[in-house]
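Asker:
Residue numbers (our numbering), protein chains in the order written: chain A, 27 to 232; chain B, 27 to 232.
1. Kindly list the residues whose CB is nearer than 6 Å to the CB of residue 186(B), restricted to its own chain and excluding five residues on each side of it in sequence; keep chain order.
2. Using a Cβ cut-off of 7 Å (strictly closer), state whether residue 143(A) contacts chain B.
3. How about residue 159(A) and residue 64(A): are their beta carbons less than 7 Å apart?
4. Classify residue 46(B): buried if its beta carbon has 16 or more other beta carbons within 10 angstroms, exposed otherwise.
5. Which one of 95(B), 69(B), 179(B), 163(B) has the shortest CA to CA distance from residue 139(B)?
6. Buried or exposed: where does residue 41(B) fall if 16 or more other Cβ atoms within 10 Å of its Cβ makes it buried?
7. By the DSSP assignment, the alpha helix (DSSP H) with residue 144(A) in it spans what residues?
8. Got a sec: is the Cβ-Cβ distance from residue 194(B) to anything in chain A below 7 Å?
9. Assuming the contact rule is C-beta atoms closer than 8 Å, residue 175(B) and residue 198(B) should be a hit. Round their C-beta distance to whole Å, please.
10. Among 231(B), 193(B), 222(B), 214(B), which has the Cα closest to the Cα of residue 60(B)?
11. Based on Cα-Cα distance, which residue from 117(B), 120(B), 108(B), 173(B) lies nearest to residue 137(B)?
12. For residue 87(A), count the other beta carbons within 10 Å of its own beta carbon; 16 or more makes it buried, fewer makes it exposed. Which is it?
13. Give me the subset of the segment 151-185 of chain A whose CB atoms are less than 8 Å from a CB atom of chain B, sorted by chain position.
14. Let me know the secondary structure DSSP gives residue 220(B) once reduced to three states.
15. Could you check whether the Cβ of residue 55(A) sits closer than 7 Å to any Cβ belonging to chain B?
16. Please report the distance separating the alpha-carbon of residue 195(A) from that of residue 92(A).
17. Taking residue 228(B) and residue 107(B) to be in contact with their CB atoms under 8 Å, please state how far apart those CB atoms are, rounded to whole angstroms.
18. Answer with buried or exposed for residue 58(A), where buried requires no fewer than 16 other C-beta atoms within 10 angstroms of its C-beta.
19. Checking 7 Å against the spacing of the C-beta atoms, do residue 219(B) and residue 209(A) come in under that value?
20. Would residue 95(B) count as contacting chain A if we go by Cβ distances under 7 Å?
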């Protein structure tokens, strides 16, 4: 056997092992239910990952719901790229928190009012069996700033339709939420272009 | 001052501080250039995050390019949700590696052939100034299985148009690529529904 053939064989064995692992994991996982996915951490990619998953879901013909709890904070009037796309997607119901919570507002009672206005609409999505996946973008900040109590969120999640999926994004997901969730990804920022003085740009950061 | 007002003031100070931090960081970052973003790690969300960013870019009217180096590995014939959506997006050029590298093939020379066929097309995207953002989905495996040499990738990235962004996804990004990149997010899997025996489902996992 020449060395190329040996290499080929090694590669084949490696791939077969990998395939066996994947197949076994698939066979073991037989509970059918919707999942709660938490995308947290300081790294870039939390919201865009959620949007990508909604895209995936819609690609299968499913209805999805998205509630954005924080307005883009890259400057007033900036057109946020994904929103232009969402408007073209008939399978998506998209809501944004009214007055637009941002770092700019600095007014807790106004924020609470805006939250109290949007929350019943968000909860309604969690009661709608026709919605395959609900995404609450940047919801963790609502917990951190105590606009929303964990117990209220938990109750809403627990009483949702069994097959519905929920994606929750934002930094600093509290441990109660992490414990409750089925899938948690902690996006660690190893480095960010911003730190090297590279300007944030439309189409990447917003 | 009653306790609610005190709380409000505290909140306002916290928000103002946060806003000042964000503003200062924005002011410091004045280099205008495209960035190389690496989304790696074992957590769920790497590819979907890249797709979400492409969506964002297209929402600003930009052209994007996507090359997928691994075919979905959730079973033959599975309709992969995002692909159905991509086909409806006139701003996206979408290519897939020919024979479809998966854990199923187990044939290195066939994989190399398929890679050698797609790579010139991928490189052509890196030479096309009209493409705002290029995504190479699961490219890290091509490096890991030595179908692609780091030096070749590096050269292609270095000679691309100055304002072009590149997103590279996949587990186990090598350190040379991490060092080269402008932004690196390491997506740590804290837990995954799969491990708790929950079946993977269309619209979430593929």
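Cβ atoms here follow ideal geometry from the backbone N, Cα and C, with glycine treated the same way.
Answerer: Based on what the coordinates show:
1. 152
2. no
3. no
4. exposed
5. Taking only the C-alpha atoms, the option nearest residue 139(B) is 95(B).
6. buried
7. Secondary structure note for residue 144(A): its alpha helix (DSSP H) is the uninterrupted segment 134-151.
8. Interface residue (Cβ-Cβ distance to chain A less than 7 Å): residue 194(B) is not classified as such.
9. Not confirmed; about 16 Å, so no contact.
10. 193(B)
11. 173(B)
12. exposed
13. 158, 159, 171
14. helix
15. yes
16. 11 Å
17. 7 Å
18. exposed
19. yes
20. no
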